[in-house]
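Q: So the sequence lines, in the order shown, correspond to chains Z and C. Start counting at 1 in the first sequence, then tack on 165, and there's your number in our numbering. Start counting at 1 in the second sequence, then tack on 165, and there's your number in our numbering.
Protein chains: 2
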Amino acid sequence: MPVEIIARQSVVDVLEHRLREDILDGTHGPGELLPPERELAAGYGVTRTTLKHALSRLEQAGLLSTRHGIGTRVRDFLRVGGADLLPMLAARDNGWLAEVFEVRGHIGALIARRAAGRRTVRQARRLAELLEAVAQAPDGDAAQLADVEVHRELARATGNRVYLLLTNTLFNAYLPVRAALRAPFEDPAEAAARLAPVVRAVADGLPDEAEAAATRYLRATEKIMLGSLLPPGGARPAAPRA
Amino acid sequence: MPVEIIARQSVVDVLEHRLREDILDGTHGPGELLPPERELAAGYGVTRTTLKHALSRLEQAGLLSTRHGIGTRVRDFLRVGGADLLPMLAARDNGWLAEVFEVRGHIGALIARRAAGRRTVRQARRLAELLEAVAQAPDGDAAQLADVEVHRELARATGNRVYLLLTNTLFNAYLPVRAALRAPFEDPAEAAARLAPVVRAVADGLPDEAEAAATRYLRATEKIMLGSLLPPGGARPAAPRA
DNA sequence: GGTGTGGCAGTGGCTCAGCCACCCGTGACC
DNA sequence: GGTCACGGGTGGCTGAGCCACTGCCACACC
Numbered sequence: 166m167p168v169e170i171i172a173r174q175s176v177v178d179v180l181e182h183r184l185r186e187d188i189l190d191g192t193h194g195p196g197e198l199l200p201p202e203r204e205l206a207a208g209y210g211v212t213r214t215t216l217k218h219a220l221s222r223l224e225q226a227g228l229l230s231t232r233h234g235i236g237t238r239v240r241d242f243l244r245v246g247g248a249d250l251l252p253m254l255a256a257r258d259n260g261w262l263a264e265v266f267e268v269r270g271h272i273g274a275l276i277a278r279r280a281a282g283r284r285t286v287r288q289a290r291r292l293a294e295l296l297e298a299v300a301q302a303p304d305g306d307a308a309q310l311a312d313v314e315v316h317r318e319l320a321r322a323t324g325n326r327v328y329l330l331l332t333n334t335l336f337n338a339y340l341p342v343r344a345a346l347r348a349p350f351e352d353p354a355e356a357a358a359r360l361a362p363v364v365r366a367v368a369d370g371l372p373d374e375a376e377a378a379a380t381r382y383l384r385a386t387e388k389i390m391l392g393s394l395l396p397p398g399g400a401r402p403a404a405p406r407a
Numbered sequence: 166m167p168v169e170i171i172a173r174q175s176v177v178d179v180l181e182h183r184l185r186e187d188i189l190d191g192t193h194g195p196g197e198l199l200p201p202e203r204e205l206a207a208g209y210g211v212t213r214t215t216l217k218h219a220l221s222r223l224e225q226a227g228l229l230s231t232r233h234g235i236g237t238r239v240r241d242f243l244r245v246g247g248a249d250l251l252p253m254l255a256a257r258d259n260g261w262l263a264e265v266f267e268v269r270g271h272i273g274a275l276i277a278r279r280a281a282g283r284r285t286v287r288q289a290r291r292l293a294e295l296l297e298a299v300a301q302a303p304d305g306d307a308a309q310l311a312d313v314e315v316h317r318e319l320a321r322a323t324g325n326r327v328y329l330l331l332t333n334t335l336f337n338a339y340l341p342v343r344a345a346l347r348a349p350f351e352d353p354a355e356a357a358a359r360l361a362p363v364v365r366a367v368a369d370g371l372p373d374e375a376e377a378a379a380t381r382y383l384r385a386t387e388k389i390m391l392g393s394l395l396p397p398g399g400a401r402p403a404a405p406r407a
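1) Just confirm the distance between the C-beta atoms of Val-265(Z) and Ala-255(Z), as a whole number of angstroms; I'd bet it's less than 8 Å.
2) Using a beta-carbon distance cut-off of less than 7 Å, what residues from the segment 242–259 of chain C approach chain Z?
3) Tell me the residue span of the alpha helix (DSSP H) that contains Thr-215(C).
4) For Leu-229(C), which beta-bridge partners are listed by DSSP?
5) Output yes if chain C places a C-beta closer than 8 Å to the C-beta of Gln-225(Z); else output no.
6) Give me the Cα-Cα distance between Gly-270(C) and Leu-330(C), rounded to the nearest whole angstrom.
7) Cutting at 8 Å between CB atoms, please list the residues of its own chain near Arg-183(Z), excluding the five before and the five after it.
8) When DSSP labels each residue in this structure, what does Leu-198(C) get in the three-state scheme?
9) So what does DSSP say about Pro-405(C), is it helix, strand or coil?
10) Check each candidate in His-218(Z), Leu-229(Z) and Arg-222(Z) and name the one with the smallest Cα separation from Ala-226(C).
11) Let's test the definition: count the other Cβ atoms within 10 Å of the Cβ of Asp-352(Z) and tell me whether it reaches 16, buried, or not, exposed.
12) What is the DSSP secondary structure of Gly-247(C), counted as helix, strand or coil?
13) Is the Cβ of Pro-397(Z) closer than 8 Å to any Cβ of chain C?
14) Here's a check: name, in chain order, each residue in its chain whose Cβ is nearer than 8 Å to the Cβ of Pro-111(Z), leaving out the five neighbours to either side.
15) How many angstroms separate the CA atom of Ala-354(C) from the CA atom of Ala-378(C)?
16) Should Asp-241(Z) be labelled buried (16 or more other beta-carbon atoms within 10 Å of its own) or exposed?
17) Going along chain Z, which residues have a C-beta under 7 Å from Tyr-328(C)?
18) Give me, in chain order, the residues of the same chain whose beta-carbon lies closer than 7 Å to that of His-193(Z); leave out the 5 immediate sequence neighbours on both sides.
19) Check Asp-178(Z) in the structure and name its three-state DSSP category.
20) Hey, could you find the ends of the alpha helix (DSSP H) His-271(C) is sitting in?
21) Ignore the nearest five residues each way along the sequence and tell me which others in Ala-219(Z)'s own chain have a CB closer than 7 Å to its CB.
22) Can you give the Cα-Cα distance for Ser-175(Z) and Pro-195(C), rounded to whole angstroms?
23) Report yes if the C-beta distance between Ala-280(C) and Leu-335(C) is below 8 Å; otherwise report no.
24) Would you please verify whether the beta carbon of Glu-264(C) is less than 8 Å from any beta carbon of chain Z?
25) In chain order, what residues of the same chain have a beta carbon less than 8 Å from the beta carbon of Thr-212(C), not counting five sequence neighbours either side?
26) Does DSSP put Leu-189(C) in a helix, a strand or coil?
27) Is there contact here, the segment 301–321 of chain Z with the segment 288–301 of chain C, by at least three beta-carbon pairs under 8 Å?
28) Chain Z beta carbons: is any one of them nearer than 8 Å to that of Thr-214(C)?
29) Give the interface partners of Ser-221(Z) over in chain C, defined as CB-CB distance under 8 Å, in chain order.
30) Give me the Cα-Cα distance between Arg-381(C) and Arg-343(C), rounded to the nearest whole angstrom.
31) Assuming Val-367(Z) and Ala-289(Z) are in contact, meaning their beta carbons sit under 8 Å apart, how far apart are those beta carbons, in whole angstroms?
32) Check whether chain C comes within 8 Å of Thr-334(Z), counting only Cβ atoms and requiring the distance to be less than that.
33) Looking at the secondary structure, which residues open and close the alpha helix (DSSP H) in which Asn-333(Z) lies?
34) If you run the structure through DSSP and keep just helix, strand and coil, what is Gln-301(Z)?
35) How about Gly-420(Z) and Asn-337(C): are their beta carbons less than 8 Å apart?
36) With a cut-off of 8 Å, does the C-beta of Leu-205(C) fall near any C-beta of chain Z?
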């Protein structure tokens, strides 16, 4: 078993994470003005310069809004935040993760439909190769990553790059927590077999069938994943808080 | 006529913009190693600290990947970038904008379907109010913004917050360039009339009808928008300016 | 009393110089 | 031939300092 790779965390990374938690937890509520940078920096025990780097990132993420001479205000991320917040939200909260899966299911079906209508011959061949890579994967983790590549290629086959970026966004939310969702991929051959009808329908250029197959596939996978995520007692899977 | 408000641009903003252009234009191609920070800062005539702020933002946006002791590498944003890149891409290139509209159409239909199935009574009432606000808008710009609020509420009515964030993302790409796409909203009453069937179907809880109505609405609006975007002579719609 | 205005205190923007931590190639050493 | 120490180059972070912007309030003026 490979040693666990600890991602190196810079001071700014840690700081950004703590600030984000404080914001999402409501310690700094929406609309609220953050303490002055000098004060905040002292509070976290870092230089103002370092703090500013962290604030700058959070500002770009849509969580903060800074104005010269005034201060830094916490924004209501549900109103202005984009899908790039999903990775941090999904990592915090299984409710978000469940919602991501639901949307991934819907959009995955949409993508399969478009891909069936537009994929090139070359892309159809590439899809078959990538599917084979899933089947041949040496372990669950490799199968899981290979599966992602198939979906990426499906998105590419729509001919619409926005679908590719959306797929990236949803996977960015999913990949960091994928270890807890490996159940559907423990048997790579079986995982590939589940995925095969989608690839076949897309390769054959059958939009309706591709959409239906994708819906079946994503629903089945989601079920196994979320089932393995919840304690047998069965907490509610997706209770949108408030 | 109100004076044109010039958005204040900080040095970091300008620098970030220039760097991003240089990356998207291919001056710094994917996989390439950027020059050292000290050198880059000197080249742009700013302090290393300031440059680092700009780099830090681009890194978070997924365009760069920095490693201590090694350097800063340009990433292939089509592979790893998320949907949050859309605002900058759509602002640069009408091709991207057209793709955003296509996806917005597909996802808008999806959202209408889910909203019809799940909306609360309160949300149905709110939708009617927001639709009325479109009709009552004093001018095209106000109607356009009111229209956005209707779509936001539709996304909220799905009960899935991911749809709300996705909607935000797509609108974040659309709003900065909305002035060029005002044609469908010049007559607020007419714009509201086009949107009305969607709101009605959602309020009545009819998923199939809502999806169909949303598809019709978004397709019609898209047509007017993209049509107005092109000169009558008919230049190619999606010319990425090299 | 109402009005305008100048100054001031507080805030973020940006710079500067410097040291630290990390990676890697090189060459001495075993 | 393998190992390891070292140095050059890179990004990470600091601390102090000054500048630019905003809002407010006391003051002078009408």
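Glycine is no exception: its CB is placed at the ideal position from the N, C-alpha and C atoms.
A: Once the coordinates are examined:
1) For this step, residue 265(Z) is matched to residue 100 along the first sequence. For this step, residue 255(Z) is matched to residue 90 along the first sequence. Rounded, the Cβ-Cβ distance is 5 Å, consistent with contact.
2) Leu-243, Val-245, Gly-246, Gly-247, Ala-248, Asp-249, Leu-250 and Leu-251
3) The count along the second sequence starts at 1 and reaches residue 215(C) at position 50. From DSSP, the alpha helix (DSSP H) with Thr-215(C) extends over 213–225.
4) Here residue 229(C) refers to the residue found at position 64 when the second sequence is read from its first residue. Looking at the DSSP output, Leu-229(C) bridges to Val-239(C).
5) Start at 1 with the first residue of the first sequence, and residue 225(Z) comes out as number 60. Yes, Gln-225(Z) lies at the interface with chain C (some Cβ there is under 8 Å from its Cβ).
6) Taking the second sequence and counting its residues from 1, one reaches residue 270(C) at position 105. Taking the second sequence and counting its residues from 1, one reaches residue 330(C) at position 165. Roughly 16 Å separates the two Cα atoms.
7) On the first sequence, residue 183(Z) is found 18 positions in, with the first residue counted as 1. So the qualifying residues of the chain are Tyr-209.
8) By one-based count along the second sequence, residue 198(C) stands at place 33. Leu-198(C): strand per DSSP, three-state reduction.
9) Here residue 405(C) is taken as the residue at index 240 of the second sequence, counted from 1. Its pLDDT being 36, under 50, Pro-405(C) is placed unreliably in this model, and the value from its coordinates should be taken loosely. Pro-405(C): coil per DSSP, three-state reduction.
10) Against the second sequence, residue 226(C) aligns to sequence position 61. Looking at the Cα atoms, Arg-222(Z) is the closest of the given residues.
11) For this step, residue 352(Z) is matched to residue 187 along the first sequence. Looking at its Cβ environment, which holds fewer than 16 other Cβ atoms inside 10 Å, Asp-352(Z) is exposed.
12) The residue given as residue 247(C) occupies position 82 in the second sequence. Gly-247(C): coil per DSSP, three-state reduction.
13) Numbered from its first residue, the first sequence carries residue 397(Z) at position 232. With a pLDDT of only 43 at Pro-397(Z), under the threshold of 50, the placement of this residue in the model should not be trusted; the figure read from the coordinates follows. Chain C contact via Cβ: absent.
14) Since the first and last residues shown for chain Z are 166 and 407, residue 111(Z) lies out of range.
15) The residue given as residue 354(C) occupies position 189 in the second sequence. The residue given as residue 378(C) occupies position 213 in the second sequence. Going by the C-alpha atoms only, they are around 18 Å apart.
16) Start at 1 with the first residue of the first sequence, and residue 241(Z) comes out as number 76. With fewer than 16 Cβ atoms within 10 Å of its Cβ, Asp-241(Z) is classed as exposed.
17) On the second sequence, position 163 is the one that residue 328(C) refers to. Under the 7 Å cutoff, chain Z gives Val-268.
18) For the purposes of this step, residue 193(Z) is taken as the residue at position 28 of the first sequence. Cβ neighbours of His-193(Z) beyond the five flanking positions: Asp-187, Leu-199 and Val-239.
19) Locating residue 178(Z) in the first sequence gives position 13, where the first residue counts as 1. The three-state secondary structure of Asp-178(Z), taken from DSSP, is helix.
20) To locate residue 271(C), count along the second sequence from 1; it is residue 106. Counting along the chain, the alpha helix (DSSP H) containing His-271(C) begins and ends at 259–283.
21) Taking the first residue of the first sequence as position 1, residue 219(Z) is located at position 54. If we look at Ala-219(Z) and ignore the five residues flanking it on each side, its Cβ neighbours are Val-177, Leu-180, Glu-181 and Leu-184.
22) Translated into the one-based positions of the first sequence, residue 175(Z) becomes position 10. Translated into the one-based positions of the second sequence, residue 195(C) becomes position 30. Those two C-alpha atoms are separated by around 24 Å.
23) If you number the second sequence from 1, residue 280(C) lands on position 115. If you number the second sequence from 1, residue 335(C) lands on position 170. In this structure, Ala-280(C) sits away from Leu-335(C), with a CB-CB distance that is not shorter than 8 Å.
24) One-based indexing of the second sequence puts residue 264(C) at position 99. Yes, its Cβ sits closer than 8 Å to a Cβ of chain Z.
25) Taking the second sequence and counting its residues from 1, the one referred to as residue 212(C) is at position 47. The beta carbon of Thr-212(C) sits closer than 8 Å to the beta carbons of Ala-206 from its chain, once the five residues preceding and following it are set aside; these are given in chain order.
26) By one-based count along the second sequence, residue 189(C) stands at place 24. In the structure shown, Leu-189(C) sits in a helix (DSSP, three-state: H, G or I).
27) no
28) Taking the first residue of the second sequence as position 1, residue 214(C) is located at position 49. By this cut-off, Thr-214(C) is an interface position.
29) As a first step, residue 221(Z) is located in the first sequence; it is residue number 56 there, counting from the start. Within 8 Å Cβ-Cβ: Val-177, His-218, Ser-221 and Arg-222.
30) Position 216 of the second sequence holds residue 381(C). Position 178 of the second sequence holds residue 343(C). Cα-Cα distance, rounded: 21 Å.
31) Counting from one through the first sequence, the residue named residue 367(Z) turns up at place 202. Counting from one through the first sequence, the residue named residue 289(Z) turns up at place 124. Confirmed, Cβ separation roughly 7 Å.
32) Locating residue 334(Z) in the first sequence gives position 169, where the first residue counts as 1. So yes, Thr-334(Z) belongs to the interface.
33) As a first step, residue 333(Z) is located in the first sequence; it is residue number 168 there, counting from the start. Run containing Asn-333(Z): 326–339, per the alpha helix (DSSP H) assignment.
34) On the first sequence, residue 301(Z) is found 136 positions in, with the first residue counted as 1. Three-state result, Gln-301(Z): coil.
35) In this structure chain Z extends from 166 to 407, so residue 420(Z) is not present and cannot be described.
36) Position 40 of the second sequence, counted from the start, is the residue given in the question as residue 205(C). Not an interface residue.
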